[in-house]
Amino acid sequence: MSSTRHIALPLAVVLSGVFALSAPGQAATTGAVSPDAAGKVTGASVPTIRARVLRPGANGDDVRALQQLLNAIGFKVAVNGQYLSETATAVQHFQFVARIDTSGIAGPKTLNALREAARGPRGVEASGGLSFGKQAAPRAKLGDRIPVVTGMSGRDIRELQDWLRRARVRGAPRPSGEFSAKTRIAVRRFERSVARRADGVLDAGDIYELRTRVGGSAAPGDLGDPMESLPAPELAPGDRAKLASDGTAIAPENAPDEIKQIIAAGNRIARKPYLWGGGHGRWEDAGYDCSGSVSYALRGAGLMTSPLPSYDFFDWGKPGAGQWVTIYTNSGHMYMVVAGLRFDTSGRGPHGSRWQKALRSNSGFRVRHPDGLCPPRSAVFGRATPAFGLPAVALLREALLAGRARGCGRVPGRSHRERPGEPLA
């Protein structure tokens, strides 16, 4: 997820707009219209923009239509037909929300997204939920569909609920992916808190305020990035991590470097307090929640660039258990097992550490592992087809050799199956 600190309109672009407007021979523009007087844009009255690209410095009817669209989706700008810094900044803010390159230039992708957002509801589905111009995709992120209203469901709604909780909005429901009445109430409370129209409809302006209020996501190179200046971890002989008396983990000598880095990063925050939303807006935080903790440790090995909430780990990496690292995630919690030790914010171990010897039931959790680190057990044993014949033996040998070439060796430690019905970790 991007952060607004990376959004900056180049000075040259703004200046070019000023000089372009003052150039001789320009057509005269009509008087300004206040944002409040710009009028509602409905699905049947989305203004027409004939230009394919609008840049700072442009003026005329197309710019006026652009400004009407921006007002309709929650960004208040003067409707005066002049593409100056106010309009360019609003375009940038919309691009940030819609996950488009934040250039401040309204190109085809930006204009299409603006039109889609301005159309809003256009009918009612058989289920009773509102139908919008864009339907929820399996991997939809908040900002992919605008506006967001009661009756919608999907991953973007789950993300909205997560952000509302991170923003400490009273009564914000646990992430469920359903825009319920409780979610609408929480949205209205948030809108009031930032002096926006409290209608319970999350438009692009609301999404911008929500994301910037919480602080965006930590990014590579930010203060406290666990990839930078990690101390060399203490090592223990063999393939299995050990738990030290102070609650930190001792990495196994035979593990790949990435595993040692994950453990070193995990040790940095092992005894930090639990804090909802902690570790998402910044790497160095007062506390970390479950997904913030796992993200921090994985970042130590360079396996991710920014923290993710637990539900975004549903399709992260590869399915199944890993040889050195296995991640367990559901919509409400996640943890991982690294070289035989559990790294989890619940059920804290000695000294309040996230590292624990005791394992837990993984019923109801999705099981994933990092891609490209070490082959999962299924890749080694699951391909043995008919009665362990010669082709199967060859496949097994090939998989084992591939794992050793990457420093994977054998599966570390004992099986993690401690309770009936649990898959191997």
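So the sequence shown is residues 1 to 425, counted in the working numbering.
Think of the CB as a built atom: it goes at the ideal place given N, C-alpha and C, for glycine as much as any other residue.
Keep in mind that this is a model prediction, so the values were computed, not measured.
Assign residue i to buried or exposed, taking buried as 16 or more other Cβ atoms, counted over all protein chains shown, within 10 Å of its Cβ.
i	result
V63	buried
R119	buried
A232	exposed
L223	exposed
A286	exposed
E209	buried
K357	exposed
R397	For R397, the predicted structure reports a pLDDT of 47, less than 50, and the residue's modelled location is therefore unreliable. The matter cannot be settled from this model.
P56	buried
P108	exposed
R165	buried
S295	buried
G221	exposed
G347	exposed
E191	buried
A88	buried
D315	exposed
Just confirm the distance between the C-beta atoms of residue i and residue j, as a whole number of angstroms; I'd bet it's less than 8 Å.
i	j	result
P175	Q161	4 Å
L373	W324	7 Å
T150	R184	5 Å
M306	A219	First, the amino acid is wrong: residue 306 is Ser here, not Met. With a Cβ gap of about 6 Å, S306 and A219 count as contacting.
V79	Q92	Rounded, the Cβ-Cβ distance is 18 Å, inconsistent with contact.
G317	D371	5 Å
A140	R155	5 Å
A236	I263	Actually they are not in contact, since the Cβ atoms of A236 and I263 sit about 10 Å apart, beyond 8 Å.
V337	T326	5 Å
R158	G177	4 Å
G302	D289	Their Cβ separation, rounded to whole angstroms, is 22 Å, which puts G302 and D289 out of contact at 8 Å.
When you compare only the Cα positions, how much space is there between residue i and residue j?
i	j	result
W283	N59	43 Å
F179	S291	23 Å
T30	Q82	Residue placement at T30 cannot be trusted, given a pLDDT of 38 that sits under 50; the coordinates are not used to answer.
S310	H333	6 Å
M227	S293	14 Å
D144	A90	17 Å
Y274	E258	25 Å
T48	A65	7 Å
E86	V77	7 Å
W163	G281	11 Å
I100	T212	16 Å
A113	R50	15 Å
A186	M152	15 Å
L111	L69	9 Å
E234	G322	23 Å
L84	D199	30 Å
S363	A98	36 Å
L308	P252	27 Å
A142	F96	The sequence as given places Leu at residue 142; Ala does not occur at that position. One C-alpha to the other measures close to 11 Å.
V214	W355	28 Å
D225	M304	11 Å
A106	V194	27 Å
F313	Y335	11 Å
T102	R170	32 Å
W276	D61	47 Å
L341	D239	12 Å
F94	S361	43 Å
Quick check on this structure: which residue in the options has the alpha carbon closest to the alpha carbon of residue i?
i	options	result
D203	F75, R192, R368, R166	F75
V53	E86, N80, G104, V77	G104
R271	K260, F343, G154, S229	F343
F365	S353, S331, S346	S331
I269	L308, A321, T345	T345
P319	R368, V194, Y296	R368
A339	A255, A297, P273	A255
S245	Q95, D101, I327, S353	S353
S45	R240, A51, E116	E116
A72	D206, G177, Q261, A181	D206
G247	L230, G266, S229, G238	G266
A249	D315, A297, D289	A297
L230	Q261, V201, L243, E253	Q261
A181	V194, S193, V201	V201
H351	D61, W276, L243, D239	L243
> Can you list the alpha helix (DSSP H) stretches of 4 or more residues lying completely in the stretch 305 to 343, in chain order?
Replying inline: The alpha helix (DSSP H) runs lying completely inside the stretch 305 to 343 and spanning 4 residues or more number zero.
> At what residue ranges does the stretch 213 to 269 contain a whole run of the beta strand (DSSP E), taking only runs of 3 or more?
Replying inline: Runs of the beta strand (DSSP E) spanning 3 or more residues and lying entirely within the stretch 213 to 269 occur at 249 to 252, in chain order.
>> At 3 residues or longer, what runs of the beta strand (DSSP E) sit wholly inside the stretch 183 to 208?
In response: Correct list: empty.
> In chain order, which alpha helix (DSSP H) runs of at least 4 residues are fully inside the stretch 140 to 171?
Replying inline: Fully enclosed alpha helix (DSSP H) runs of 4 or longer: 155 to 166.
>> In chain order, what are the residue ranges of uninterrupted alpha helix (DSSP H) at least 4 long that sit wholly in the stretch 44 to 92?
In response: Fully enclosed alpha helix (DSSP H) runs of 4 or longer: 61 to 72.
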